[in-house]
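Only one structure is covered here, and it is reproduced in the block below.
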Amino acid sequence: MLSARGIEHHYGARRVLDIDSLDFETGSITAVVGANGSGKSTLLRILAFVEMPTNGSLVLDGKPIRTRADRLAARRIVTLVEQRPFLFSGTVTANMLYGLRARGCRGSEAKRRVVETLQLAGVADLADRDARTLSEGEVQKIAVARALALDPKVLLMDEPTSAADRSSTNRLYQIVAEARDRGVTVVIASHQLEEVYRWSESFVSLEGGRTSPVSPENVFRVEIPAGTGSKEVRLGDLVIHLVTDTTGPATIALPPDDLIVSTGGFSSSARNQFQGRIQRITDDGRGRVTLRIDAGVELVARITPSALAELALSVGSPVVLSIKAMAVRVF
Amino acid sequence: MDFLIEGFRRAVQLILSGDADVFGITALSIKIALSSTVLACLVGIPIGFVVGTTRFWGRRAALTVLNTMLAFPTVVVGVVIWGLLTRNGPFGGLGLLYTWWAIVAAEVVLAVPIAAALTAAAVQSIDPRVRRTALTLGAGPWRAHWAVAGEARFALLAAVVVAFGRVLAEVGAAMIVGGNIRNHTRTLTTAVALASSQGDFALAIALGLVLLGLALTVNVLLQLFQGRGHA
């Protein structure tokens, strides 16, 4: 549906994106994850055709998007909900109508779609409110509703639930999943990993503007056997013990802060112990040291600088990673 | 001090009695000010929009030129326009010198930089998300620009009002290219200058009060409009 090839983007001399290849399938939800400044928002603006990449190309529905006319046509089937959405001055309904009119939908049909979408998003009571009087959470809901009213083929959302409570978040993702089922390609950038992993089929992890083969949060797609309670899943050569009632395809995460790093095995209640070797050490200067460890698959663990010094760890040091079966997250 | 009080008393009398001179001069001034403002905004606002919203080589220089032109001496503009419109000038054949159109031409030259510079400042201060949001919702470039203008409408209106105020209160260029001819090119400001030089203090005060009244009316209308928009 939407593909990016050789995307490079610079702000001045600084390269903020360097992506070889990305494909977003029709009728799928893809999560884009990564730390602040990793390039998520820039990527989404490029995918929405509102920012031109310095180099590289985008292909939509098999057609390369090259000219200004191509980009305008693309923006009529792709839409983006920004991290801090903007509502034009005027009522909520006027905001909802703006995009519909820009896409040639007018009159009673446009009004019908506004009413339907506001009801779907559970914000019908805000229809006549002045957009400038809405709370941050309400603005976010209206921005999502405004995008959904356009019935886009590609829906891009940047942190769509950062100001939402849990019930609103669940409602939003249910609506998004329904859109996915209708064939909409959805791409969501979010810090709220639990939600995006639960609802997305695939994810793209960005680190310093590049796609990372490993999520910063040790997230893996696995097949969980039938049954309840304690189970084992295979991850390459590793066997992971976990506790879940989920079965079938699922996403699991080994939170980097929950991985215990030691220099030798020790007796403990942790069911998971993996031997590995440190490949890279990064100190963020704010009391957190990130270790990249090759344990058969690449895993990330975070420790404090004092732990690093006490264990005398350096690149190449052998380590043992431990994590309780109950600490392995299943989405 | 008595002559001041007497001047105000006679000024009020002139206004209330519907003095034909006062009302004729006022009508001409409003006609010139409105015509100049409309023409200046038709030219200046698009220039300001382009300078304020697009990136091009020499943009900073263009902004500097616009801001410098805000301080253009009005008599210099008057002399230049006079030179262009005089019988031996390049546009002398049009026969516009010492007509109200000549005053309009001079006022337009003075007001275009105001409309352009204030428009550029207005659209530059608008949140960049406005244009981006319009684009993500499927707007073409013109519709996206219109969205920016919509969000900047109060600042743009203020630019129009400032331009109107400038041309209404201008005297130097109007005197040079208009000639201050009674019933033809005599505006409120040139009439005030003439009346005070002739010692007709009451007429000067009366016309001055009308000028102030016009400026006050326009600003009150602007305030009311802004108040409604922000309610």
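So the protein lines, in turn, are chains A and B. One point on numbering: in the working numbering, the residue at position 25 of the first sequence is 25, and numbering is uninterrupted. Position in the second sequence counted from 1, then plus 1000, gives you the working numbering. Backbone N, C-alpha and C fix where the C-beta goes; we use that ideal spot for every residue, glycine too.
Cα-Cα separation, residue 302 of chain A to residue 260 of chain A: Translated into the one-based positions of the first sequence, residue 302 of chain A becomes position 302. Translated into the one-based positions of the first sequence, residue 260 of chain A becomes position 260. Roughly 9 Å between the two C-alpha positions.
Sub-9 Å separation of residue 248 of chain A and residue 276 of chain A beta-carbons: If you number the first sequence from 1, residue 248 of chain A lands on position 248. If you number the first sequence from 1, residue 276 of chain A lands on position 276. No.
Where residue 945 of chain B sits in the DSSP three-state scheme: In this structure chain B extends from 1001 to 1231, so residue 945 of chain B is not present and cannot be described.
Under 9 Å from the C-beta of residue 60 of chain A: neighbouring residues of chain B: Within the first sequence, the letter at position 60 stands for residue 60 of chain A. Going along chain B, no residue has its Cβ under 9 Å from residue 60 of chain A, so there is no contact; the nearest lies around 14 Å.
Bridge partner(s) assigned by DSSP for residue 65 of chain A: As a first step, residue 65 of chain A must be located in the first sequence, where it is residue number 65. Looking at the DSSP assignment, residue 65 of chain A forms no beta bridge with any residue, so it has no partner.
The region 47-58 of chain A touching the region 1125-1139 of chain B, judged by at least three CB pairs closer than 8 Å: yes
Test: residue 99 of chain A CB closer than 9 Å to a CB of chain B: As a position in the first sequence, residue 99 of chain A is number 99, starting the count at 1. It does; some Cβ of chain B falls within 9 Å.
According to DSSP, residues forming a beta bridge with residue 9 of chain A: For the purposes of this step, residue 9 of chain A is identified with residue 9 of the first sequence, where counting begins at 1. Its beta-bridge partners are A:17.
Member of A:83, A:188, A:125 whose CA lies at the smallest distance from the CA of residue 156 of chain A: The sequence position of residue 156 of chain A within the first sequence is 156, counting from 1. Measuring from the Cα of residue 156 of chain A, the nearest candidate turns out to be A:188.
For residue 1145 of chain B, the three-state DSSP class (helix, strand or coil): As a first step, residue 1145 of chain B must be located in the second sequence, where it is residue number 145. Of the three classes helix, strand and coil, the one that applies to residue 1145 of chain B here is helix, per DSSP.
Continuous alpha helix (DSSP H) stretch holding residue 951 of chain B: start and end: Any answer about residue 951 of chain B is impossible in this case: the structure gives chain B only from 1001 up to 1231.
Beta bridge counterpart(s) of residue 241 of chain A as assigned by DSSP: Your numbering for residue 241 of chain A matches position 241 in the first sequence. Paired residues: A:232.
Closest Cα partner of residue 1153 of chain B within the set B:1087, B:1049, B:1074: Translated into positions along the second sequence, residue 1153 of chain B becomes position 153. Closest option to residue 1153 of chain B, Cα to Cα, is B:1049.
Residue 1136 of chain B at chain A interface by Cβ criterion, 9 Å: In the second sequence, residue 1136 of chain B corresponds to position 136, counting from 1. Yes, its Cβ sits closer than 9 Å to a Cβ of chain A.
C-beta neighbour in chain A for residue 1122 of chain B, strict 9 Å: Position 122 of the second sequence, counted from the first residue, corresponds to residue 1122 of chain B. Not one chain A Cβ lies under 9 Å of residue 1122 of chain B.
Sequence-distant residues of the same chain with beta carbon closer than 8 Å to residue 16 of chain A, five excluded per side: Along the first sequence, read from residue 1 onward, the residue named residue 16 of chain A stands at position 16. Cβ within range, chain order: 9, 10, 39, 42, 209.
Within 9 Å of chain B by C-beta, residues of the region 229-263 of chain A in sequence order: none
The region 1028-1041 of chain B touching the region 1149-1164 of chain B, judged by at least three CB pairs closer than 8 Å: yes
Residue range of the beta strand (DSSP E) that includes residue 272 of chain A: Translated into positions along the first sequence, residue 272 of chain A becomes position 272. 272-283 is the span of the beta strand (DSSP E), which, as asked, contains residue 272 of chain A.
Unbroken alpha helix (DSSP H) run spanning residue 181 of chain A, endpoints: If you number the first sequence from 1, residue 181 of chain A lands on position 181. Taken as a continuous stretch (DSSP letters only), the alpha helix (DSSP H) holding residue 181 of chain A covers 166-181.
Contact the region 265-275 of chain A vs the region 316-329 of chain A: 3+ CB pairs below 8 Å: yes
C-beta atoms of residue 98 of chain A and residue 1158 of chain B nearer than 9 Å: Locating residue 98 of chain A in the first sequence gives position 98, counting from the first residue. Locating residue 1158 of chain B in the second sequence gives position 158, counting from the first residue. Not closer than 9 Å, so no.
Where residue 205 of chain A sits in the DSSP three-state scheme: Position 205 of the first sequence, counted from the first residue, corresponds to residue 205 of chain A. Correct three-state label for residue 205 of chain A: strand.
Against chain B: residues of the region 108-136 of chain A by CB proximity under 7 Å: none
Residue 1083 of chain B, DSSP secondary structure in three states: In the second sequence, the residue the question calls residue 1083 of chain B occupies position 83. Helix, per DSSP.
9 Å Cβ cutoff, residue 1119 of chain B in contact with chain A: Within the second sequence, residue 1119 of chain B is the residue found at index 119, counting from 1. Taking Cβ atoms only, chain A never reaches closer than 9 Å to residue 1119 of chain B, which makes this a no.
Chain A residues whose Cβ lies nearer than 9 Å to that of residue 1147 of chain B: Within the second sequence, residue 1147 of chain B is the residue found at index 147, counting from 1. By Cβ distance, chain A contributes 88, 98.
Proximity of residue 330 of chain A and residue 246 of chain A at Cβ, strictly below 9 Å: Here residue 330 of chain A refers to the residue found at position 330 when the first sequence is read from its first residue. Here residue 246 of chain A refers to the residue found at position 246 when the first sequence is read from its first residue. Yes, they are a contact pair.
Residue 157 of chain A, DSSP secondary structure in three states: If you number the first sequence from 1, residue 157 of chain A lands on position 157. Of the three classes helix, strand and coil, the one that applies to residue 157 of chain A here is strand, per DSSP.
Proximity test, residue 143 of chain A beta-carbon vs the ligand MG heavy atom, cut-off 8 Å: Among the components of this structure there are no ligands whatsoever, and the ligand MG is therefore not found.
Close Cβ partners of residue 1231 of chain B (< 7 Å) along its chain, the five nearest in sequence each way excluded: Locating residue 1231 of chain B in the second sequence gives position 231, counting from the first residue. Low confidence applies to residue 1231 of chain B: its pLDDT is 45, below 50, so where it sits in the model is not reliable enough to give any reading.
Boundaries (first-last residue) of the alpha helix (DSSP H) holding residue 221 of chain A: Numbered from 1 along the first sequence, position 221 holds the residue referred to as residue 221 of chain A. Element bounds for residue 221 of chain A: not the alpha helix (DSSP H) but the beta strand (DSSP E), 219-224.
For residue 1108 of chain B, the nearest candidate out of B:1202, B:1212, B:1095, B:1074 (CA to CA): For the purposes of this step, residue 1108 of chain B is taken as the residue at position 108 of the second sequence. When each option's Cα is compared against that of residue 1108 of chain B, the closest is B:1074.
Residues near residue 56 of chain A by beta carbon distance below 7 Å, same chain, minus five either side: The residue given as residue 56 of chain A occupies position 56 in the first sequence. Taken in chain order, the residues that qualify are 4, 5, 6, 7, 8.
Residue 128 of chain A - DSSP class collapsed to helix/strand/coil: As a working note, residue 128 of chain A is residue 128 in the first sequence. Looking at residue 128 of chain A - three-state DSSP - the assignment turns out to be coil, as it is neither helix nor strand.
C-beta neighbour in chain B for residue 17 of chain A, strict 9 Å: Translated into positions along the first sequence, residue 17 of chain A becomes position 17. Cβ-Cβ to chain B under 9 Å: no for residue 17 of chain A.
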